[in-house]
């Protein structure tokens, strides 16, 4: 094969001769056997949008105040303010990320399989790097780059899957509100109050509330409300 290359690239020339490349390999840049460039840009843009979206969701969580009915300490934030919106966002984004990931993997497999006659394998190996000489007379590690692309795409997809599952488990298992059903009985008549969701306030809020609220004595409560039944539960 007649080609002027540097001494550092001679091993790649030998490799090209070893896999029996034709002497007149041409590259038709006006036509492609794979998907269009717009789909490639879509897959790449999904990785960037995923990073930006994840950073925004993490910021919302960090900005929440501390506390919550389902926790016994103030280490965690109050996630009920963002759990449902975040879960809806992940449900919307996950199909787009899934399509991007599977398209990327399928495209790389199809690309590597096209060089099977020269590399001896349907999957990419280091022999495919010699074809980058046709690009700008330099060797590029196509083999390493395709591994980086697949790892990045798989990491993005896995992250959104785990995010969705964690939010779903959080909604189903950890209560954020306490429902109280109060039944008041007076003079043989029963008055039922509808359940009301009450979030557990923090200790600072309770101390301020006690200082501003006058609570009637127990004797006056007993006179006005002969029977008081309370049923509580966390949801």
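Residue numbers (full-length UniProt numbering): 1 to 235.
Ideal Cβ positions, reconstructed from N, Cα and C, are used throughout, including at glycine.
Since the structure is predicted, the reported quantities are computational estimates derived from the model, not experimental observations.
For residue 125, the CB contacts under 7 angstroms within the same chain, skipping 5 residues up- and downstream, are 119 and 143 in chain order. For residue 117, the enclosing alpha helix (DSSP H) begins and ends at 116-119. In this structure, residue 160 sits near residue 97, with a CB-CB distance shorter than 8 angstroms.
Remark: C-beta atoms of residue 94 and residue 158 do not approach each other more closely than 8 angstroms. For residue 37, the closest of 116, 63, 51 and 104 by C-alpha to C-alpha distance is 104. Relative to the Cα of residue 87, the nearest Cα in the group 99, 54, 108 and 117 belongs to 54. Sequence-distant Cβ neighbours of residue 91 in its own chain, meaning closer than 8 angstroms and more than five residues away, are 164.
Here residue 83 is not bridged, per DSSP, to any residue.
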